[in-house]
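There are 2 protein chains.
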Amino acid sequence: MKREFYKDLENKYKEVSLLYEIMGILHWDRSTVMPESSVVGRTDQLTNLYVLSHKMLKDKKIYNCIKQSEKIKKLNIWEKKNLKLIKKEFIINNSLDKKLLEKISLATSKCEMQWRISKENNDFKSIIPYLEEVIKLRKIEAKIKSKVLKCSLYDALLNDHEDGLSSKKIDKIFDQLILFLPKFLEEVLDFQKKNKKIIPIKDKIEIQKQEKLGRLLMQKIGFDFSYGRLDVSMHPFCGGAYKDSRITTRYNEKNFIESLMGVLHETGHALYNLGLPEKWKYQPVGDALGTVVHESQSLFMEMQICRSFEFLKFASPFMRKVFNKKGKQWEANNLYNIYTLVKPSFIRVDADEVTYPLHVIIRYKIEKDLIEGNIKVKEIPNVWNMYMNDFLNIKPKNNKEGCLQDIHWFDGTFGYFPTYTLGAIYASQLFSKIKKELPNLNIQIANGKFNHLINWLRSNVHSKGSLSNSEDLVKKVTGEELNIEYFKKHLINRYLN
Amino acid sequence: MKREFYKDLENKYKEVSLLYEIMGILHWDRSTVMPESSVVGRTDQLTNLYVLSHKMLKDKKIYNCIKQSEKIKKLNIWEKKNLKLIKKEFIINNSLDKKLLEKISLATSKCEMQWRISKENNDFKSIIPYLEEVIKLRKIEAKIKSKVLKCSLYDALLNDHEDGLSSKKIDKIFDQLILFLPKFLEEVLDFQKKNKKIIPIKDKIEIQKQEKLGRLLMQKIGFDFSYGRLDVSMHPFCGGAYKDSRITTRYNEKNFIESLMGVLHETGHALYNLGLPEKWKYQPVGDALGTVVHESQSLFMEMQICRSFEFLKFASPFMRKVFNKKGKQWEANNLYNIYTLVKPSFIRVDADEVTYPLHVIIRYKIEKDLIEGNIKVKEIPNVWNMYMNDFLNIKPKNNKEGCLQDIHWFDGTFGYFPTYTLGAIYASQLFSKIKKELPNLNIQIANGKFNHLINWLRSNVHSKGSLSNSEDLVKKVTGEELNIEYFKKHLINRYLN
Chain A
1 MKREFYKDLE NKYKEVSLLY EIMGILHWDR STVMPESSVV GRTDQLTNLY
51 VLSHKMLKDK KIYNCIKQSE KIKKLNIWEK KNLKLIKKEF IINNSLDKKL
101 LEKISLATSK CEMQWRISKE NNDFKSIIPY LEEVIKLRKI EAKIKSKVLK
151 CSLYDALLND HEDGLSSKKI DKIFDQLILF LPKFLEEVLD FQKKNKKIIP
201 IKDKIEIQKQ EKLGRLLMQK IGFDFSYGRL DVSMHPFCGG AYKDSRITTR
251 YNEKNFIESL MGVLHETGHA LYNLGLPEKW KYQPVGDALG TVVHESQSLF
301 MEMQICRSFE FLKFASPFMR KVFNKKGKQW EANNLYNIYT LVKPSFIRVD
351 ADEVTYPLHV IIRYKIEKDL IEGNIKVKEI PNVWNMYMND FLNIKPKNNK
401 EGCLQDIHWF DGTFGYFPTY TLGAIYASQL FSKIKKELPN LNIQIANGKF
451 NHLINWLRSN VHSKGSLSNS EDLVKKVTGE ELNIEYFKKH LINRYLN
Chain B
498 MKREFYKDLE NKYKEVSLLY EIMGILHWDR STVMPESSVV GRTDQLTNLY
548 VLSHKMLKDK KIYNCIKQSE KIKKLNIWEK KNLKLIKKEF IINNSLDKKL
598 LEKISLATSK CEMQWRISKE NNDFKSIIPY LEEVIKLRKI EAKIKSKVLK
648 CSLYDALLND HEDGLSSKKI DKIFDQLILF LPKFLEEVLD FQKKNKKIIP
698 IKDKIEIQKQ EKLGRLLMQK IGFDFSYGRL DVSMHPFCGG AYKDSRITTR
748 YNEKNFIESL MGVLHETGHA LYNLGLPEKW KYQPVGDALG TVVHESQSLF
798 MEMQICRSFE FLKFASPFMR KVFNKKGKQW EANNLYNIYT LVKPSFIRVD
848 ADEVTYPLHV IIRYKIEKDL IEGNIKVKEI PNVWNMYMND FLNIKPKNNK
898 EGCLQDIHWF DGTFGYFPTY TLGAIYASQL FSKIKKELPN LNIQIANGKF
948 NHLINWLRSN VHSKGSLSNS EDLVKKVTGE ELNIEYFKKH LINRYLN
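Quick note, the sequences are listed as chains A and B, same order.
Counting from 1, one number per residue, gives the positions in the first sequence under the working numbering.
Counting from 498, one number per residue, gives the positions in the second sequence under the working numbering.
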């Protein structure tokens, strides 16, 4: 009898989960194909689903199902974890009230709109009151959540993106990076100067051809276009719904280099989504782990696999064929040098693998201090430029290439930035393990054989859904805790050899 | 105080209405851009929204709001009508149970899938059990609705598409058509033989160019692409959401003729949707009237306007320019002869304006008899072929070009067919009125000036939403009841002159 309560809970959650799926499609639509003026209606639609799912999750019937399910002894580990995750969502939703959520939604969308103008005009002053309002409201939310989760304000927001993540854990890792990276960067720049010869590729490449190459390589790696799409949007992302994984990129005729890696990065995300356990679809236990593991999958694909010499050896003939090009600059060696060029620069999304974590650390430090109340919004530009100078030894000319560059804070997102770098570290640790289990992996990649690799990721990561948290996952898969040494080793191997 | 109940009712309905809006986008997505294998998840999403909206409409709180609102004396006419429409939806939803709806959803989707195979194989026998199941379930639904609506079984299904429509009203009109059309058709064929000289256009036209022309003419007529799209799907339709009107077409390189008119037909639908009263968005009173008026708007645009000599005079230079063509066959005269060619044929969607109603009448007679239990599924082919012979004097070689051609019955739709022809009649009556109010309309059309026409439609039809029913609307706008004489006159003018 009691078991029915659990089944009922699953069914009730499925109803909410399907609303999330639909939101995924509506978000994709908004960013890719929606007529521009239809944004008013789309906001109504999304707000409606958001409020509705919040209401459904708060329902007393769910609470009753949770209570009754907790008494069942015969739940298997998936069901137990599922119950735990639903309970957490229930408790958090119950602590938040609809009006606060609506206020946040309004303030963030106002702030984001103003940000586009302020960034365009390189005018930080104009954004200050908007960002202050966003931070004020998100702090109220954080305070409520921090009580439920028994953690600090900032950690409560981290929890939106990664279950159980704390700034204590992040600090431990980032401190090691701060000790290592700036000095390492100098060595790499020095090494590069002596050893790296690049024939630059200045060819204009038609967008159609870039797209063709992207699709081709996605397919070669294992992306199934009967379950997904590749499109264009202002900011690349991976979205859609379960078994309907839609990635986007943006093209630049004068620079195909970054757009291609963007596609392969998002392919990593998409393969994760498509590999989630079908048996647990529409349940939180069947969902992807937080953004740390998600970024680990995209960075794994982009950084570990696709920027490797072996991959570029495999890909270069396709580039030459699709782009109809020849010459030494299109050979794997030169492509590899291009794709592993290190150069401190202002814009995070254009940063190389070595300097990227430093961009992230700067943002992490600032956003934590903003939420914990240690710095004020108006102080951001100075703090930003100080860190840029300290870590990267460069100073932004203006805020447009400084603290106004990213959308995150202005659309209300806090606690996301550190997951990029944690993901990169996970990726290198996973890769080190895979190489032991698949000793011929490098040869396989050079020959365009990705099936063993993808199968390994599927069975060790993707198919596990949210059964373990990310810490346990890395322990189960690699036999040890998250260890930054793998990341360092990877960087040393790639950039000082 | 009581007024708040009405406002509350509006808010509650808005929540449901936004789910309909979302379904519109998800349907569009499924037919145009969705990866093929993602259909499983999409079915889950749509079923979820369907069941959810049904549940929300049945809610007791809605009933209370309706009861309280009915006591308010100060509702304006829009509010009164809105209350009435919500009440009707509430009553119908309350009479239906979720399990029946789910059964119907399952049976129709099974039947539709089988239909694709049966049609492909020209095998009527294989579809019989599926269609029998669909009809059985829809009859159960019709029986429930017929009690609520106090009408016959078939009329209950008609009501899905047009509030207050009855087979008695349809019979009256269709009987007149049956008396008129077959004889008229003979005359037209005879007249054509003597008077119509056509230089056939056999040029292959690239799809890209056809699309370019379609977009151009849509814009010229008044379609605003910042609130809509034009895409490709297997079956042309107009969908999307309010202020996000998305039409589709299909292209044939060997025959641009029909695809262009398809685009203009759907543009008529889209202009109606985009012209609905913004003040009443997300309320039933602000919604489009049933399919009769919807078809009247599309057929108005396609038949009355775009197949006219004046329109083709305006459009032919654009055709020549976009297609890069010249010669006599591209002159307005010849295009007009092509676009008004009458020829009895088997396929409804390819039929001309004169024979189209006969195709509709055949389907109307058969579906009414199926629902009222006067004929059996297995008898359909014989009855179909008999009618085709009687009305059009041709006999289908097989069921693929006979009773298996349309999707409607096999996806569970009954009561839709007659609205096509009622729409055509409305369109001709409206057009006759417009010509009186805008005496220079023909000159305007020939010069590509559509703003007066569109404004007339906006203020007389589109902006009225569902304030009146379609019968009252035609009376208000034209000063008389629906009168088939306008349609006959239009046909005589166009095809015997």
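By construction, the Cβ of each residue, glycine as well, lies at the ideal position given by its N, Cα and C atoms.
Where residue i falls: helix, strand or coil (DSSP)
{"i": "A:A241", "result": "strand"}
{"i": "A:T43", "result": "helix"}
{"i": "A:T340", "result": "coil"}
{"i": "A:V232", "result": "strand"}
{"i": "A:T421", "result": "helix"}
{"i": "A:R320", "result": "helix"}
{"i": "A:I247", "result": "strand"}
{"i": "B:K986", "result": "helix"}
{"i": "A:P439", "result": "coil"}
{"i": "B:I559", "result": "helix"}
{"i": "A:R494", "result": "helix"}
{"i": "B:H766", "result": "helix"}
{"i": "A:C306", "result": "helix"}
Sequence-distant residues of the same chain with beta carbon closer than 7 Å to residue i, five excluded per side
{"i": "A:R215", "result": "L230"}
{"i": "B:K640", "result": "L650"}
{"i": "A:N334", "result": "I198, I199, K328"}
{"i": "A:H408", "result": "Y416, F417"}
Beta-carbon spacing of residue i, residue j below 8 Å
{"i": "B:L634", "j": "B:A604", "result": "yes"}
{"i": "A:D59", "j": "B:L515", "result": "no"}
{"i": "A:L289", "j": "A:S466", "result": "yes"}
{"i": "A:I22", "j": "B:L523", "result": "yes"}
{"i": "B:G945", "j": "B:K709", "result": "no"}
{"i": "A:E310", "j": "A:G268", "result": "no"}
{"i": "A:K435", "j": "A:L441", "result": "yes"}
{"i": "A:L83", "j": "A:Y6", "result": "yes"}
{"i": "A:D244", "j": "B:S606", "result": "no"}
Nearest to residue i (by Cα), restricted to the options the options
{"i": "B:S664", "options": "B:C900, B:F947, B:A924, B:K862", "result": "B:K862"}
{"i": "B:N966", "options": "B:I614, B:H658, B:P814, B:I744", "result": "B:H658"}
{"i": "A:V285", "options": "A:D123, A:L85, A:K204", "result": "A:L85"}
{"i": "B:Y833", "options": "B:N994, B:E518, B:K897", "result": "B:N994"}
{"i": "A:D390", "options": "A:E258, A:I127, A:L185, A:A351", "result": "A:L185"}
{"i": "B:L838", "options": "B:V846, B:L786, B:Q826, B:V851", "result": "B:V851"}
{"i": "A:V461", "options": "A:Y420, A:Q208, A:H294", "result": "A:H294"}
{"i": "B:V819", "options": "B:K706, B:G737, B:V760", "result": "B:K706"}
{"i": "A:C238", "options": "A:L83, A:G262, A:K81, A:R307", "result": "A:G262"}
{"i": "B:A767", "options": "B:F808, B:I859, B:A738, B:S813", "result": "B:A738"}
{"i": "B:K596", "options": "B:F753, B:S615, B:H551", "result": "B:H551"}
{"i": "A:V51", "options": "B:K568, B:K511, B:L572", "result": "B:K511"}
Sequence-distant residues of its chain with Cβ nearer than 8 Å to residue i (five each side left out)
{"i": "B:G899", "result": "F843, P878, W881, N882, M885, P893"}
{"i": "A:Y356", "result": "R348, Y420, T421, A424"}
Continuous beta strand (DSSP E) stretch holding residue i: start and end
{"i": "A:R116", "result": "A:R116 -> not in any beta strand (DSSP E); alpha helix (DSSP H) instead, spanning 98-120."}
Cβ shell of residue i (< 6 Å), same chain only, five flanking positions each side left out
{"i": "A:I425", "result": "I484, F487"}
{"i": "B:S956", "result": "none"}
{"i": "B:G920", "result": "V789, E792, S793, L796"}
{"i": "B:I559", "result": "K509, F587"}
{"i": "A:A332", "result": "L312, K313, S316"}
Where the alpha helix (DSSP H) containing residue i begins and where it ends
{"i": "A:L189", "result": "167-195"}
{"i": "B:M531", "result": "Neither: B:M531 is in no alpha helix (DSSP H) and is coded neither H nor E."}
{"i": "B:P854", "result": "853-869"}
{"i": "B:H791", "result": "788-796"}
{"i": "B:R712", "result": "704-718"}
{"i": "A:W456", "result": "451-460"}
{"i": "A:I144", "result": "124-149"}
{"i": "A:E471", "result": "470-478"}
Cutoff 8 Å: residue i Cβ touching any chain D Cβ
{"i": "B:L549", "result": "Going by chain labels, chain D is absent from the structure shown, which instead holds the protein chains A and B."}
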